[in-house]
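Contents: one structure, followed by commentary.
Residue numbers (the numbering used here): 36 to 296.
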């Protein structure tokens, strides 16, 4: 475990393994990298895997103010500069996808290959995303249990939820509590707009969409792909948390892309 100072934040990150550096950027939720990548990160063998915890997570401290994509991108940039001597491979999931895209756009010298998973370019103008995140924001201050239930219901596909059964579904509910940090992330989700940055991305890019995604519908990944010149695109038949539903397929797809000569 280590930290790096970025503006008023003490940004926590972990580094495991050895080999070329792969940085994994988590999505919405104050549990941060531990919940998002705890099971999947060890699957990327033969690599140094770095998992930063962005502002809003439990293990990173700051002044508690509103978040911006650029501010979170600065945190990822600082971690990359701390752990690597050259460009790294960078993967962002959900909220972490526009953050990772911003890193690649603002500091092309730091990103060799970029993977954007279940992400989106902007919220305003997409009534589905705006309403979902507004619902989360409202439930977060009024009904914590329903907040967790909504996140679980949209985070996983119907088929996956039915396959794991009621007891396992109920166990998912507390995984995303509406802590102040989580609600800071949701507030940012409502304001995401990286459209102006996408044409500046130079890194070889793979966009991964999830066909059963009810949090960030797959059309958003298709827009990201269309907005990044020369990017590749793949879809996995899964819900939003694709690396839980189709872990083997997800790891294989990412590994083949970042390990390609």
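Backbone N, C-alpha and C define an ideal beta-carbon position, used for all residues, glycine too.
Here the structure is a predicted model, which is why all the values come from computation and not from measurement.
Pairwise C-alpha distance: residue j and residue i
i: residue 177; j: residue 170; result: 10 angstroms
i: residue 140; j: residue 133; result: 10 angstroms
i: residue 87; j: residue 193; result: 30 angstroms
i: residue 131; j: residue 181; result: 24 angstroms
i: residue 135; j: residue 91; result: 16 angstroms
i: residue 149; j: residue 126; result: 6 angstroms
i: residue 123; j: residue 47; result: 18 angstroms
i: residue 44; j: residue 96; result: 5 angstroms
i: residue 259; j: residue 168; result: 19 angstroms
i: residue 232; j: residue 263; result: 9 angstroms
i: residue 269; j: residue 159; result: 25 angstroms
i: residue 106; j: residue 62; result: 15 angstroms
i: residue 129; j: residue 286; result: 16 angstroms
i: residue 179; j: residue 295; result: 44 angstroms
i: residue 157; j: residue 65; result: 22 angstroms
i: residue 162; j: residue 229; result: 17 angstroms
i: residue 98; j: residue 217; result: 15 angstroms
From the options, residue whose alpha carbon lies closest to that of residue i
i: residue 40; options: 115, 142 and 274; result: 115
i: residue 209; options: 175, 166, 233 and 244; result: 175
i: residue 190; options: 138, 279 and 108; result: 279
i: residue 104; options: 227, 288 and 255; result: 227
i: residue 292; options: 93, 109, 117 and 147; result: 147
i: residue 225; options: 155, 99, 137 and 69; result: 155
i: residue 250; options: 142, 68, 153 and 137; result: 153
i: residue 235; options: 138, 84, 151 and 203; result: 138
i: residue 94; options: 36, 165, 166 and 212; result: 36
i: residue 252; options: 207, 288 and 165; result: 165
i: residue 38; options: 108, 142, 58 and 118; result: 118
Exposed unless 16 or more other CB atoms sit within 10 angstroms - verdict on residue i
i: residue 101; result: exposed
i: residue 82; result: buried
i: residue 215; result: exposed
i: residue 173; result: exposed
i: residue 267; result: exposed
i: residue 265; result: exposed
i: residue 67; result: buried
i: residue 109; result: buried
i: residue 77; result: exposed
Determine contact between the segment 196–205 and the segment 47–55, defined as no fewer than three beta-carbon pairs at a distance below 8 angstroms.
no
So does the segment 179–187 actually touch the segment 54–62, counting three or more Cβ pairs closer than 8 angstroms?
no
What are the start and end residues of each continuous alpha helix (DSSP H) run of 4 or more residues lying completely inside the segment 164–210, in chain order?
179–190 and 193–207
At least 3 beta-carbon pairs within less than 8 angstroms: the segment 68–87 vs the segment 214–225:
no
With a floor of 4 residues, list each alpha helix (DSSP H) that falls wholly inside the segment 44–108, ordered by position along the chain.
67–72
Write down every uninterrupted run of the beta strand (DSSP E) in the segment 118–168 whose length is 3 residues or greater and which is fully enclosed by it, in chain order.
123–128 and 146–152
Cβ contact (3+ pairs, closer than 8 angstroms) linking the segment 237–252 and the segment 271–290
yes
Any chance you could list the beta strand (DSSP E) runs of at least 3 consecutive residues sitting entirely within the segment 229–270, in chain order?
239–245
Three-pair Cβ contact test at 8 angstroms for the segment 103–117 versus the segment 235–242:
no
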